[in-house]
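In the UniProt record's numbering, the protein residues as written are 1 to 137.
Where a beta carbon is used, it is the ideal one built from N, C-alpha and C, also for glycine.
Scroll down for the structure; my scribbles are underneath it.
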């Protein structure tokens with residue numbers, strides 16, 4: 001674990017210091033609308049459920065539930081347990097809006113007569129994006 005001094009840094013300047021994989025993951029999280037909130041003590045079982053699933057999947061055994069609860073009770077509000085999640089209703093709405101926008105652009109391009117090869121390539125690319133978005137929905 002480490003500590004990073006964020007004083008005087010913007011999200012943009014901080015992001016520039018990351019390697020390409022981290023930047024890609026950040027962009028993906030933004031695209032999916034990932035949000036983060038901190039769990040309260042009475043919600044800590046959400047963390048433990050995910051943690052136990054990971055233990056089982058990865059084949060390791062770690063600390064007991066009591067260990068974690070004692071940790072929280074000892075350190076109180078100094079313990080922050082983040083939960084990252086996607087608001088699916090919001091994400092589906094965003095995808096649907098993007099899909100509608102792409103379909104409208106494609107339809108406008110298709111309505112033009114005497115389309116150039118460049119325009120046909122743009123239409124084909126929009127069709128690929130539309131297919132992808134429909135699959136995501």
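State the DSSP-derived secondary structure class of residue 35, mapped to helix, strand or coil.
strand
Endpoints, beta strand (DSSP E) assigned at residue 6:
Here residue 6 belongs to no beta strand (DSSP E), and DSSP marks it neither H nor E.
Give me whichever residues DSSP pairs with residue 86 in a beta bridge.
When beta bridges are read from the DSSP output, residue 86 appears opposite 34.
Helix, strand or coil for residue 62? Go by DSSP, reduced to three states.
coil
Any chance the region 114-133 sits against the region 59-72, with 3 or more Cβ pairs inside 8 angstroms?
These segments do not touch.
Tell me whether residue 116 sits in a helix, a strand or coil according to DSSP, three-state version.
coil
CB residue 109 to CB residue 119, shorter than 8 angstroms?
yes
Can the beta-carbon of residue 136 be found closer than 8 angstroms to that of residue 95?
yes
Taking C-beta to C-beta, are residue 80 and residue 134 nearer than 8 angstroms?
no
Straight-line CA distance for residue 115 to residue 12?
40 angstroms
By the three-class DSSP mapping on this structure, what secondary structure does residue 49 have?
helix
Am I right that residue 91 and residue 51 are in contact with their C-beta atoms under 8 angstroms? What's the rounded C-beta distance?
No, residue 91 and residue 51 are not in contact; Cβ-Cβ is about 25 angstroms, not under 8 angstroms.
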